Structures are given as structure tokens and as C-alpha cells.
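Working notes, beginning with the structure itself.
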């Protein structure tokens with residue numbers, strides 16, 4: 001396991017020198033500490049391109065990619081195909097497809113990329129990992145997909161299974177690093193228990209792990225979370241100007257939705273907690289303009305107001321809670337959403353302080369309040385399929401605790417030790433500064 005030579009990511013830098021046009025006259029003004037800004041983050045793909053793809057020279061490359069695989073304004077596949085010293089041999093796409101337009105869980109088939117002429121093999125269709133036939137003739141497998149920092153986001157499962165396939169084929173595996181949108185300090189939620197591993201959650205890590213995609217690859221290898229990855233020739237091309245306290249708005253980069261139902265960074269910030277609602281019988285806001293920010297059910301407005309009152313009384317850090325009323329409709333990326341065409345009532349969460357919000361705890365409190373109200377209403381279908389909620393939580397303890405009437409505080413306390421143990425174990429995988437105090 002290594003970081004490619006010559007491509008070490010530099011640390012966040014402050015730069016100075018602002019040219020100001022005055023109302024009456026123009027002049028150069030010195031930069032004060034309050035005016036200092038951080039240099040924009042350069043992702044691994046851009047660092048690689050800045051070096052003219054030197055580390056891939058003379059190699060036939062397989063690229064695991066989607067619509068987020070960008071080098072400035074260009075797609076990395078186009079840049080590799082045009083590079084004189086590199087041959088683009090094959091493309092591989094995760095869930096949502098190479099163009100990122102398929103809905104959640106929608107099967108995607110193989111195709112051919114019209115721009116590069118390379119075959120596009122789906123890793124979310126008939127197979128979930130590259131087959132030996134797909135890897136035949138390749139010299140290296142490169143992964144460059146934007147993650148969101150949540151355990152149940154399937155791109156990281158695709159990465160791990162591809163690492164495993166590369167190890168079996170004796171191919172080097174290169175991760176082009178990208179930011180964790182939530183930053184590198186926020187770790188929270190149940191640690192997945194191996195009996196509950198699935199494609200939705202593969203690794204024994206908390207719901208939010210605080211690792212970049214490259215750091216997570218290093219952790220998967222160092223902990224040997226998948227058979228055979230210990231022998232993998234793994235390299236990470238580090239970013240420039242990213243540090244552990246960098247959240248997405250600090251990167252200087254535009255938000256490109258990594259999947260159709262994460263249209264904004266605020267949605268991605270709330271997603272690790274609001275995704276709990278995919279495991280129960282409510283609408284998580286798919287089929288609206290605010291998925292994972294508003295939650296609703298076919299309940300009367302008064303029942304929804306009780307939930308809002310409960311959440312407001314919790315005084316949850318960094319968010320405000322409002323009532324919501326909406327009707328889900330089929331739309332691109334959300335075909336046939338739950339309760340399509342029905343009037344729903346519930347709540348909406350707004351981020352008021354991105355540094356203070358703890359989204360997993362927010363989601364847990366919201367789930368608890370909705371479950372409590374469902375019990376009062378006699379809604380026995382709220383957790384009608386507990387295996388769905390168990391798959392997201394990574395443990396069956398959450399369903400057991402809800403049914404036993406445990407408080408939100410007791411549920412949160414039950415995962416604290418697991419998170420601490422994970423933080424201790426992940427230290428050797430970090431690339432961007434030492435471990436810091438969790439928030």
C-alpha cells in the first residue's frame with residue numbers, strides 16, 4: 001500500500017492578494033488574517049492529470065467511474081482516452097450507472113461509451129464486481145467516484161469488491177482521492193455487525209466514518225475486511241489542500257449530485273440520519289424536490305405537528321424543524337416513489353449550522369419521534385419489515401430498542417464505544433493529518 005511518488009497531496013494553504021476596486025479609486029490592499037482564504041481543493045484525478053498521467057504511462061487502464069469522475073470541466077475518461085501515453089481499455093460503472101441517472105436500486109446493463117469507444121461494464125447489473133473476462137488485457141484498475149461519507153452508500157461496496165477482484169487478477173489498484181463531503185472528523189452511528197453485512201453495508205464501520213474514499217480503501221486493506229485484499233498492490237493519489245476539518249463548502253468546488261436524490265450538499269449532510277426512513281413505512285421525500293430533507297406519512301396534520309413539537313423540544317444542534325406537506329410524484333431518478341400521488345404530512349429539517357449538526361443523531365431522534373407517534377396511532381405497519389431497518393442500521397439492536405421503548409439518548413449511548421474503538425483502529429489509514437477530537 002502506497003501513495004504514488006511525486007503525487008503527495010499538500011496541506012491546506014492560505015493565500016493572500018485581493019484586488020479591490022474602490023468606489024472612488026482603485027488600489028492594492030494588504031491581506032489581513034481575517035481576509036485569508038483557503039486554496040481550492042484539487043482532487044486526485046486533477047493531481048494525476050497535472051502530472052500528465054505519468055504514473056499510468058504505457059498502461060492499459062480500466063476506470064471505475066460515473067458522472068462525478070471529473071478533471072476540472074472534463075470527464076476523466078475523455079482525458080485518458082486522449083492521453084498519448086495511456087490506453088483506456090474499459091470503463092466500469094457503479095449504482096446509478098455511468099451517467100448517474102438511474103434510480104436507486106435500478107439494474108443497469110452493459111454498454112459502450114460513444115465518446116471514447118470503450119466498453120462500459122455495469123457493476124450494478126448481472127455482476128457486482130469486475131469479472132476475470134472484464135479485466136482481461138488490463139494493466140491497472142483505477143477508481144474515481146465521489147462518495148458521500150455514509151456506510152450504506154453503495155459506491156464504497158463497489159470499490160471494495162473491485163479491490164478484491166483486482167487482487168485476484170494480480171492487478172494494481174489506484175484510488176484517485178476525493179473529499180468526504182461531511183469532513184474528516186465526524187464519526188457516528190452503530191458499527192455494522194458482520195451478520196448484517198449486505199451490499200448496502202459491507203464493512204464493520206459506523207454509519208459515518210470520517211474517511212476519504214482513499215483512506216477507506218487503505219482501511220479496508222489494513223483491516224483485511226475482504227478476503228484477499230491484504231495482498232493487493234494499492235496506491236492512493238492524494239488530494240491537495242484538503243484537511244480533516246474540510247466540509248464540502250470549504251473545498252471551493254461545485255456540488256455535482258453523486259446520485260439523483262442527493263441534489264444539494266445540504267441533502268448529503270442530512271442523508272446519513274434521514275436514510276433511516278428508507279427502512280420504515282413513510283416517505284423519505286423521494287419524488288419531491290427535497291428528498292431526505294422532508295419526511296411524511298398519510299397521517300392527519302395534527303399527528304405530524306406532534307412529531308414536529310417533539311423534535312423542537314429536543315433542541316437538536318445545528319438544525320431547525322418545520323411542518324411539511326407534500327405529494328410524491330414520479331420523476332427522473334425517483335420512479336414510482338412511496339405513496340405516489342397521496343397527500344402526506346410530516347416534517348422538514350433545515351440546516352442552520354453545518355459545523356454543529358450531527359445528522360445521524362438528528363435522524364435517530366426523528367425516527368424515534370415518528371415511531372412513538374405511530375404507536376399512539378396504532379400504526380403497526382410502521383416497522384412492518386424490520387430487516388430493512390436492520391440492514392441500514394447494521395444491527396438488529398435498533399429495532400429491538402425502538403420496540404422496547406428505549407429513549408433516543410439510550411440508543412445513542414449504546415453505539416458510543418463502537419465508534420471510539422473504530423476511531424482508534426482507523427488512525428493508521430489517515431492521509432490528511434492526525435486523528436482529531438470527534439465532534
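In my numbering, the protein residues as written are 1 to 439. Glycine residues also receive a C-beta, built at the ideal position from the N, C-alpha and C atoms. Please read these numbers as outputs of a predicted model, since none were measured by experiment.
One or two residues paired with residue i in a DSSP bridge
i           : result
residue 517 : Because the chain in this structure spans residues 1 to 439, residue 517 falls outside the shown range and cannot be described.
residue 88  : 61
residue 296 : 283 and 346
residue 176 : 237
residue 188 : 208
residue 306 : Residue 306 is not bridged to any residue.
Residue i versus residue j - alpha carbon distance
i           : j           : result
residue 113 : residue 287 : 29 Å
residue 174 : residue 155 : 15 Å
residue 422 : residue 160 : 18 Å
residue 295 : residue 273 : 12 Å
residue 304 : residue 214 : 42 Å
residue 394 : residue 58  : 43 Å
residue 431 : residue 321 : 36 Å
residue 97  : residue 121 : 10 Å
residue 61  : residue 172 : 10 Å
residue 441 : residue 367 : The shown model of the chain, from 1 to 439, leaves out residue 441, and the question about it has no answer.
residue 51  : residue 64  : 20 Å
residue 397 : residue 227 : 27 Å
residue 347 : residue 140 : 48 Å
residue 67  : residue 258 : 8 Å
residue 264 : residue 378 : 36 Å
residue 291 : residue 340 : 14 Å
residue 282 : residue 374 : 11 Å
residue 70  : residue 342 : 39 Å
residue 369 : residue 307 : 6 Å
residue 420 : residue 49  : 38 Å
residue 74  : residue 115 : 12 Å
residue 402 : residue 381 : 14 Å
residue 208 : residue 253 : 22 Å
residue 243 : residue 129 : 31 Å
residue 88  : residue 127 : 21 Å
residue 349 : residue 249 : 19 Å
residue 199 : residue 157 : 6 Å
residue 399 : residue 372 : 13 Å
residue 345 : residue 221 : 45 Å
Residue i burial status per 10 Å Cβ neighbour count (16 or more: buried)
i           : result
residue 170 : exposed
residue 224 : exposed
residue 84  : exposed
residue 358 : buried
residue 409 : exposed
residue 434 : exposed
residue 185 : buried
residue 46  : buried
residue 25  : Residue confidence is low: residue 25 scores 36 on pLDDT, short of 50, so the model does not pin down where it sits. Its coordinate-derived value is still stated next. Residue 25 comes out exposed.
residue 405 : exposed
residue 337 : buried
residue 416 : exposed
residue 329 : exposed
residue 246 : buried
residue 183 : buried
Segment limits, beta strand (DSSP E) that includes residue i
i           : result
residue 345 : 344-351
residue 219 : Note, residue 219: premise wrong, no beta strand (DSSP E); alpha helix (DSSP H) at 213-222.
residue 140 : 140-144
residue 119 : 119-122
residue 73  : Run containing residue 73: none; DSSP gives neither H nor E here.
residue 320 : 319-326
Beta carbon proximity, residue i to chain D, threshold 7 Å
i           : result
residue 339 : No chain D is part of this structure, which consists of one protein chain only.
N-terminal and C-terminal residue of the alpha helix (DSSP H) that residue i is part of
i           : result
residue 424 : 408-426
residue 362 : 359-377
residue 390 : 386-393
residue 132 : 132-135
residue 271 : 265-274
residue 400 : 397-404
residue 47  : 44-50
Cβ-heavy atom distance, residue i to the ligand ADP, below 6 Å
i           : result
residue 219 : For the ligand ADP, the structure offers nothing, since it holds no ligand at all.
Using 8 Å as the Cβ pair cut-off and three pairs as the minimum, do the region 177-185 and the region 137-157 touch?
Using a Cβ-Cβ distance cut-off of 8 Å, the region 177-185 and the region 137-157 are in contact, since at least three pairs of beta carbons, one from each stretch, lie closer than that value.
Would you be able to state if there are at least three C-beta pairs under 8 Å between the region 320-330 and the region 258-271?
The region 258-271 makes no contact with the region 320-330, as fewer than three CB pairs between them are under 8 Å.
Counting Cβ pairs, one atom from each stretch, are 3 or more of them under 8 Å apart for the region 306-315 and the region 385-400?
Three or more Cβ pairs closer than 8 Å define a contact, and the region 306-315 falls short of that threshold against the region 385-400.
Quick one: any contact between the region 192-200 and the region 228-243, if contact means 3 or more CB pairs under 8 Å?
The region 192-200, when compared against the region 228-243, does not touch it at the 8 Å Cβ threshold.
Touch check for the region 119-134 and the region 80-95: three-plus C-beta pairs under 8 Å?
Using a Cβ-Cβ distance cut-off of 8 Å, the region 119-134 and the region 80-95 are in contact, since at least three pairs of beta carbons, one from each stretch, lie closer than that value.
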